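For what it's worth, the working numbering labels the leading residue of the sequence shown as 83, then goes sequentially.
We treat Cβ as the ideally placed atom computed from N, Cα and C, and that holds for glycine.
Treat the numbers as computed from the prediction; the structure is a model and nothing was measured.
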Amino acid sequence: MGLTATRVLRAVIAKEDVVNRRLNLSVSLVVLGLLVVACNSTTQAPPAPPPVVNPTPPPEATPLVAPASATATKPLVIATSQVLPTPTKGTPIRGALVCPAATPVPANAPLAARVSGQGIPLELFNRQAAQAQAAMIASGLDPKSAAGQESLKSLKQQVLDQMINDVIIAQQAEYQSIRITDDDLNTRLAQMIQDAGSVDKLNEYLTKNQMTLGDLCTQMRANLLSEIMFTRITAPFPTAVEQVHLRQILVSTPATAQTLRDRARKGEDFAALAKQHSLDETSKANGGDLGWVPRGVLDPRLDAVIFDLPVNQVSDVITTNFGYHVVQVTEKEKSRALPPELLQDTRQRAFLEWLKAVRESLKIERFVQP
Numbered sequence: 083m084g085l086t087a088t089r090v091l092r093a094v095i096a097k098e099d100v101v102n103r104r105l106n107l108s109v110s111l112v113v114l115g116l117l118v119v120a121c122n123s124t125t126q127a128p129p130a131p132p133p134v135v136n137p138t139p140p141p142e143a144t145p146l147v148a149p150a151s152a153t154a155t156k157p158l159v160i161a162t163s164q165v166l167p168t169p170t171k172g173t174p175i176r177g178a179l180v181c182p183a184a185t186p187v188p189a190n191a192p193l194a195a196r197v198s199g200q201g202i203p204l205e206l207f208n209r210q211a212a213q214a215q216a217a218m219i220a221s222g223l224d225p226k227s228a229a230g231q232e233s234l235k236s237l238k239q240q241v242l243d244q245m246i247n248d249v250i251i252a253q254q255a256e257y258q259s260i261r262i263t264d265d266d267l268n269t270r271l272a273q274m275i276q277d278a279g280s281v282d283k284l285n286e287y288l289t290k291n292q293m294t295l296g297d298l299c300t301q302m303r304a305n306l307l308s309e310i311m312f313t314r315i316t317a318p319f320p321t322a323v324e325q326v327h328l329r330q331i332l333v334s335t336p337a338t339a340q341t342l343r344d345r346a347r348k349g350e351d352f353a354a355l356a357k358q359h360s361l362d363e364t365s366k367a368n369g370g371d372l373g374w375v376p377r378g379v380l381d382p383r384l385d386a387v388i389f390d391l392p393v394n395q396v397s398d399v400i401t402t403n404f405g406y407h408v409v410q411v412t413e414k415e416k417s418r419a420l421p422p423e424l425l426q427d428t429r430q431r432a433f434l435e436w437l438k439a440v441r442e443s444l445k446i447e448r449f450v451q452p
């Protein structure tokens with residue numbers, strides 16, 4: 083296994099993470115600290131709502147995001163089938179620090195993809211792909227090398243995948259009556275100006291990454307929606323769960339595992355056996371100690387044993403893709419607080435699983451092959 087419980091879960095999340103790492107902007111982000119780029123659609127009639135995984139609140143329910151000022155601005159329902167922010171092309175940020183107004187996209191605009199009847203404009207995809215490519219090249223990628231060409235091809239796929247995810251999140255937010263106000267966007271913009279150090283510094287960043295103020299505001303809108311949906315989807319997740327304190331010995335053959343199991347059951351010190359024989363370089367120095375482990379972090383075949391194993395009893399040999407395990411539970415708690423890092427990782431995984439489930443329920447059409 084070779085990883086502590088937290089690192090195991092991080093490895094799983096890394097494989098499942100569908101959010102691309104294409105920009106390095108100082109924004110508060112939801113999924114694994116990545117910049118989410120909004121995706122909006124054409125002016126066609128809104129499609130029938132896809133299934134919502136969590137129960138949809140009634141229309142009169144209070145929005146998750148309260149207006150920053152109850153009277154200053156009218157709440158904006160994020161209906162991505164209706165509007166697409168128009169970038170202030172070539173225009174640096176000057177004067178009042180506010181996001182530009184939204185402008186409808188022509189109904190006959192070419193599409194890069196369509197999600198449950200809602201289009202992703204080809205022009206928007208091309209622009210975001212160019213921005214992502216510029217950011218990658220600025221980070222040191224050689225676009226002429228074979229590796230660079232492969233990375234750029236993969237990057238375009240990631241951009242389109244992320245745009246599809248953004249549409250899905252926006253749809254789900256709309257169906258759950260989530261609202262974002264002008265004040266919400268402009269407060270976030272002011273924070274970004276502060277983080278950058280000045281308006282000029284932010285302009286430098288936008289120019290470097292081929293972005294406009296409109297692009298930035300589009301991203302901020304998507305970030306806010308993602309943050310709210312992340313909170314809503316993961317809010318029911320408990321902060322304290324059943325956990326076991328686990329030791330393990332990992333070896334490469336069943337015969338060796340059976341021998342070590344028998345020695346441990348006859349009274350030899352489990353920790354000493356792990357230090358001497360385990361192949362798990364991460365835990366062997368600590369006597370095979372994996373720390374406190376909740377359900378769902380380790381291989382299901384281990385989970386099936388460890389939560390029913392009496393304290394201090396040595397298990398039978400357990401076979402997984404990592405090898406052959408002998409484990410010992412040293413402590414158990416029915417309700418133990420999850421460490422903040424593991425709690426956040428688990429919530430991130432839950433959010434990605436929710437997003438995957440919703441995505442699989444929708445009709446998604448792609449019209450470009452990155």
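Counted as a single uninterrupted DSSP element, the alpha helix (DSSP H) harbouring residue 388 occupies residues 382-388.
Secondary structure note for residue 202: its beta strand (DSSP E) is the uninterrupted segment 200-203. Here DSSP, grouped into helix, strand and coil, assigns residue 376 to strand. Secondary-structure assignment with DSSP links residue 414 through a beta bridge to 326. Put simply, of 180, 389, 432 and 368 the residue whose alpha carbon is nearest the alpha carbon of residue 269 is 180. Per DSSP, residue 361 has no beta-bridge partner at all.
Residue pairing by DSSP places residue 447 opposite 196 in a beta bridge. Between residue 356 and residue 366, the gap from beta carbon to beta carbon is short of 8 Å. When C-alpha distances from residue 328 are compared across 387, 273 and 280, the shortest belongs to 387. Between residue 372 and residue 325, the beta carbon gap of about 11 Å keeps them out of contact (Cβ cut-off 8 Å). By the Cβ rule, the region 253-272 counts as touching the region 297-307, because three or more pairs are nearer than 8 Å.
With contact defined as three or more Cβ pairs closer than 8 Å, the region 270-290 and the region 192-200 are not in contact. DSSP places residue 400 inside the beta strand (DSSP E), whose first and last residues are 400-402. Around the CB of residue 394, fewer than 16 other CB atoms lie within 10 Å, so the residue is classed as exposed.
Below 8 Å, enough C-beta pairs join the region 312-325 and the region 423-439 to call them touching: three or more. Residue 207 has its alpha-carbon roughly 17 Å from the corresponding atom of residue 303. Shortest Cα-Cα distance from residue 247 to any of 214, 344 and 439 involves 439. In the structure shown, residue 351 adopts coil according to DSSP, grouped into three states.
Residue environment analysis places residue 378 among the exposed positions, since fewer than 16 neighbouring C-beta atoms fall within 10 angstroms of its C-beta. Taken through DSSP and simplified to helix, strand or coil, residue 262 comes out as strand.
Non-local beta-carbon contacts of residue 383 in its own chain, meaning distances under 8 Å to residues more than five positions away in sequence, involve 400, 401 and 402 in chain order. Listed as beta-bridge partners of residue 406 by DSSP are 333 and 401. Scanning 313, 198 and 212 for the CA closest to the CA of residue 234 turns up 212.
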